[in-house]
Each structure stands twice: as structure tokens, then as C-alpha cells.
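The UniProt record's numbering numbers the first residue of the sequence shown as 1 and each following residue consecutively. All C-beta atoms, glycine included, are put in the ideal place defined by N, C-alpha and C. Since this is a predicted model, take the numbers as computed values, not measurements. These notes are about the structure you will find just below.
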Amino acid sequence: MKSPKLGLVTVLYNTPSVLPDFFKSLSCQNYKNYTLYVVDNSSTSESLDLAKSLSEQYAVSTIFIDNQGNNVGVAAGNNQGALAAGHDGCDYIVFINNDLLFEQPTVFSELVKVATDDNVKVLSPLILNYPAGNIWYAGGEIDELKAVAPHFMIDEVYQPQTIRRARFTYAPTCFLMIARDVWEQVGLMDERYFAYYDDTDFLYRIVQSGFLVELIPSALIYHKVGSSTGGDISRFGMYHLTRNRIYFIKKNIKGMKKFISLLYTLMTRVFRMLTIKNPELRSAIGKGILDGLKM
């Protein structure tokens with residue numbers, strides 16, 4: 001049987017410093033049947049120019065999609081890359097951040113083996129934060145009553161014997177491998193999110209379509225958390241997390257769960273706004289609440 005082709009989709013946004021490690025990691029993978037689709041949302045050409053140079057240096061098969069200095073958002077960028085990968089006949093779409101490191105050369109081969117041998121349609125590796133090496137993702141769930149998607153065991157010390165292969169309702173799209181037929185069934189990411197909760201919404205729709213995410217602990221990667229957005233406590237993060245959480249509830253949650261989830265979110269966001277000391281972050285939360293209610 002011919003090895004399936006992977007379409008790796010990554011979105012650039014003004015973070016050239018992470019790219020050398022990323023391309024070096026890709027080049028060390030022993031599974032080579034992939035194409036990298038680089039979507040550039042950066043405001044300058046620095047990241048794209050460096051990505052082009054590194055793709056040649058490390059002989060990484062790459063297709064570039066240049067948004068000409070326009071930041072169309074993470075969701076739209078992922079859609080652009082996924083559509084190109086689907087058009088090119090890739091068997092699996094792999095959404096992948098460029099702030100990742102792969103110390104193991106077998107990450108792709110482990111995931112492909114599980115996908116093909118066991119007919120698993122949606123997969124995630126085990127993700128540790130970098131450089132500390134503690135657990136960042138080892139399973140997760142979407143909590144409809146709070147409209148959050150907590151990661152299990154987050155920040156715990158990584159002990160390989162405690163992590164088992166299992167299925168979950170949530171995994172972040174910093175690395176998510178999905179069969180093309182499932183991606184076609186679920187549809188594109190909702191571009192109204194721009195950034196944050198785009199993955200929660202996408203995974204929610206995957207689950208609603210009858211699939212779960214399978215955690216594959218033998219595929220281990222590292223994530224430089226927050227390097228592309230400034231982290232959750234930046235003004236950008238506070239605003240989009242607040243706005244998009246409310247939008248997610250209004251769009252997806254039904255019945256009494258919707259009322260409880262919206263009430264809980266508004267109460268906790270207002271409390272956060274009143275207790276936070278930074279005036280810019282207070283303003284970001286307030287604007288996020290108002291804009292979320294309008295969506």
C-alpha cells in the first residue's frame with residue numbers, strides 16, 4: 001500500500017525566530033511523503049523570506065501562500081492551506097504551528113501507522129511545553145457548561161508510564177492530523193474567530209460529526225507556547241478569548257446549557273475585568289464582551 005501523503009498547514013505571523021528549529025525538526029523526520037503549505041499573514045516579508053531560505057536549506061517540500069502583508073487570521077490561513085492541500089490530493093491535513101519542535105524523528109511515521117493500521121481519522125501527538133518539558137496536552141475535553149476546553153494533566157511533570165493512548169473531545173490545532181474525508185465532511189474553520197476558539201469550534205464540529213481525537217503518546221512534540229500571539233494575557237489574547245468564547249456559546253450551545261454557559265462566562269469575565277490591574281487588559285475584556293454579544 002502506498003504511504004499516504006500529508007499536507008502540513010502552518011500560518012506565519014511575524015515570528016521568524018521560531019522558524020529555524022521548525023524546519024530543522026521537519027527535515028529530521030523519517031517520514032518524507034508530505035508537503036508543507038506555508039501561509040504568510042506577516043506584516044513584513046522577513047518571516048516569509050526566511051521560510052523560503054530554510055525550506056531550501058533543509059530540503060523541505062514547501063508551497064507558499066502569500067497574503068501580501070495582510071493578516072487574515074489563523075482560521076482563514078488554515079483554510080487557505082487546507083484547501084490547497086486538499087486540491088493537491090493530500091490524504092491527511094495536518095494543522096501545525098511553526099513554534100513546535102520534534103526531537104523524535106518518528107512523529108509523522110507513528111501517527112501515519114496508527115491512522116492506517118487502525119483506521120483512526122483524527123489524531124494528536126503528546127505535547128510538552130518548551131523548554132520546561134512539562135505536559136501541555138495529554139488529552140482534553142470541551143466543557144459546554146463553561147465554554148472552555150481544558151487540557152488534562154497540564155503543567156504536570158511528564159512521566160511516560162502515566163500517559164495512555166485514548167480518545168478525547170478536544171485537541172488544539174497547533175498539531176492536529178485529520179483525514180481528508182473527515183475534513184471535507186466537517187468543513188472549513190469558522191473565520192469569524194480570527195484567532196482563539198477557532199480550534200474549539202472546529203473540534204466541536206468534529207465531535208458533532210461522530211469522531212473523536214485519538215491521543216498518540218508515542219508521537220511526542222514540544223510547543224513554544226504563546227510565541228505567535230503574545231500569550232493569553234496579552235491585550236490581543238484577552239480580547240479574542242473573551243469575544244470568541246461568547247460567540248462560541250451563541251453559535252453552538254443549545255437549550256439550558258446555553259443559558260448556563262453564557263451566564264457563567266459573563267460573570268467570570270466581568271469579575272476578571274474588575275479585578276485585573278492593567279487598564280489595557282480591562283479594556284480588552286470589556287470590548288470583547290460587547291463585541292461577542294453582537295456577533
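Checklist entry - Which same chain residues, not among the five before or five after residue 300, have their C-beta less than 6 Å away from its C-beta? => result Nothing can be reported for residue 300: it is not among the residues displayed for the chain, which extend from 1 to 295.
Next on the checklist: Just to confirm, is the Cβ distance from Y92 to G7 under 8 Å?
Outcome noted: Counting from 1 along the sequence shown, the entry for residue 92 is found at position 92. Counting from 1 along the sequence shown, the entry for residue 7 is found at position 7. Cβ atoms of Y92 and G7: closer than 8 Å.
Checklist entry - Beta-carbon separation of V122 and L215 under 8 Å? => result For the purposes of this step, residue 122 is identified with residue 122 of the sequence shown, where counting begins at 1. For the purposes of this step, residue 215 is identified with residue 215 of the sequence shown, where counting begins at 1. 8 Å or more divides the Cβ of V122 from the Cβ of L215.
Checklist entry - What's the gap between the Cα of E280 and the Cα of R235? => result In the sequence shown, counting from the first residue as 1, residue 280 sits at position 280. In the sequence shown, counting from the first residue as 1, residue 235 sits at position 235. Distance between the alpha carbons of E280 and R235: 7 Å.
Next on the checklist: T169 and V207 - do their beta-carbons sit closer together than 8 Å?
Outcome noted: Translated into the one-based positions of the sequence shown, residue 207 becomes position 207. Translated into the one-based positions of the sequence shown, residue 169 becomes position 169. Yes, the Cβ-Cβ distance between V207 and T169 is below 8 Å.
Item to check | beta strand (DSSP E) segment containing residue 328, residue limits | outcome: Any question about residue 328 goes unanswered here, given that the chain covers just 1 to 295.
Checklist entry - Can you check whether the CB of V9 is closer than 8 Å to the CB of V94? => result Here residue 94 refers to the residue found at position 94 of the sequence shown. Here residue 9 refers to the residue found at position 9 of the sequence shown. Cβ distance < 8 Å, so V94 and V9 count as in contact.
Checklist entry - Looking only at DSSP bridge pairs, what is P125 linked to? => result As a working note, residue 125 is residue 125 in the sequence shown. Looking at the DSSP assignment, P125 forms a beta bridge with I216.
Next on the checklist: For N71, tell me which candidate among I63, D40, S61 has the shortest Cα-Cα distance.
Outcome noted: Counting from one through the sequence shown, the residue named residue 71 turns up at place 71. The residue with the shortest Cα to Cα distance from N71 is D40.
Checklist entry - Taking Cβ to Cβ, would you say L128 is nearer than 8 Å to F175? => result For the purposes of this step, residue 128 is taken as residue 128 along the sequence shown, with counting starting at 1. For the purposes of this step, residue 175 is taken as residue 175 along the sequence shown, with counting starting at 1. No, Cβ-Cβ distance for L128 and F175 is not below 8 Å.
Next on the checklist: Give me, in chain order, the residues of the same chain whose beta-carbon lies closer than 7 Å to that of Y239; leave out the 5 immediate sequence neighbours on both sides.
Outcome noted: Sequence index remark: in the sequence shown, residue 239 carries index 239 (1-based). Closer than 7 Å at the Cβ level, and outside the excluded window around Y239, lie A284, K287, G288.
Item to check | Separation of R180 from A195, as counted between CA atoms | outcome: For the purposes of this step, residue 195 is taken as the residue at position 195 of the sequence shown. For the purposes of this step, residue 180 is taken as the residue at position 180 of the sequence shown. Cα to Cα, the separation comes out at about 23 Å.
Next on the checklist: Between which residues of its own chain and L241 is the CB-CB distance below 8 Å, once the five residues before and five after are set aside?
Outcome noted: Here residue 241 is taken as the residue at index 241 of the sequence shown, counted from 1. Taken in chain order, the residues that qualify are Y196, Y197, D232, G288.
Checklist entry - How long is the line joining the alpha carbons of P105 and I221, rounded to whole angstroms? => result Looking up residue 105 in the sequence shown gives position 105. Looking up residue 221 in the sequence shown gives position 221. Cα-Cα distance, rounded: 10 Å.
Item to check | Chain-order list of residues whose beta-carbon lies under 7 Å from that of R167 (same chain, five-residue window excluded) | outcome: The residue you call residue 167 lines up with position 167 of the sequence shown. Cβ neighbours of R167 beyond the five flanking positions: L212, V213, E214.
Checklist entry - What three-state label does DSSP hand T106 in the structure shown? => result By 1-based counting over the sequence shown, the position of residue 106 is 106. In the structure shown, the three-state DSSP call for T106 is coil.
Checklist entry - Mind pulling the beta strand (DSSP E) runs of 3 or more residues that sit fully within the region 269 to 294? => result none
Item to check | Three-state secondary structure assigned by DSSP to F175 | outcome: Here the question's residue 175 lines up with position 175 in the sequence shown. Assigned with DSSP and collapsed to three states, F175 falls in strand.
Item to check | For G140, the nearest candidate out of N119, G133, V120, I163 (CA to CA) | outcome: By 1-based counting over the sequence shown, the position of residue 140 is 140. It is I163.
Checklist entry - Which stretch, first to last residue, makes up the alpha helix (DSSP H) that contains Y204? => result For the purposes of this step, residue 204 is taken as residue 204 along the sequence shown, with counting starting at 1. Residues 198 to 208.
Checklist entry - With respect to the alpha helix (DSSP H) encompassing A84, which residues constitute its N-terminal and C-terminal limits? => result In the sequence shown, counting from the first residue as 1, residue 84 sits at position 84. Segment 74 to 87, the alpha helix (DSSP H) holding A84.
Checklist entry - By how many angstroms is the C-alpha of G292 removed from the C-alpha of N30? => result In the sequence shown, residue 30 corresponds to position 30, counting from 1. In the sequence shown, residue 292 corresponds to position 292, counting from 1. Going by the C-alpha atoms only, they are around 44 Å apart.
Item to check | Y158 beta carbon less than 8 Å from that of K224 | outcome: Your numbering for residue 224 matches position 224 in the sequence shown. Your numbering for residue 158 matches position 158 in the sequence shown. No, Cβ-Cβ distance for K224 and Y158 is not below 8 Å.
Checklist entry - How long is the line joining the alpha carbons of R269 and F259, rounded to whole angstroms? => result Position 269 of the sequence shown, counting from 1, holds the residue named residue 269. Position 259 of the sequence shown, counting from 1, holds the residue named residue 259. Between R269 and F259, the C-alpha separation is close to 15 Å.
Checklist entry - DSSP puts I221 in a beta bridge; with which residues? => result If you number the sequence shown from 1, residue 221 lands on position 221. Answer is I127.
Item to check | Residue burial classification, F22 (beta-carbon count within 10 angstroms, cutoff 16) | outcome: The sequence position of residue 22 within the sequence shown is 22, counting from 1. Classification for F22: buried.
Checklist entry - To the nearest angstrom, how far is it from the Cα of N98 to the Cα of S43? => result The residue labelled residue 98 in the question sits at position 98 within the sequence shown. The residue labelled residue 43 in the question sits at position 43 within the sequence shown. In a straight line, the C-alpha of N98 is about 17 Å away from that of S43.
Next on the checklist: Per DSSP, what are the beta-bridge partners of V182 in this structure?
Outcome noted: Looking up residue 182 in the sequence shown gives position 182. According to DSSP, which records beta bridges pairwise, V182 is partnered with nothing at all.
Next on the checklist: For Y34 and S61, which I take to be in contact (beta-carbon distance under 8 Å), what is that distance rounded to the nearest angstrom?
Outcome noted: Taking the first residue of the sequence shown as 1, we reach residue 34 at position 34. Taking the first residue of the sequence shown as 1, we reach residue 61 at position 61. The pair is a contact, with the Cβ atoms about 7 Å apart (cut-off 8 Å).
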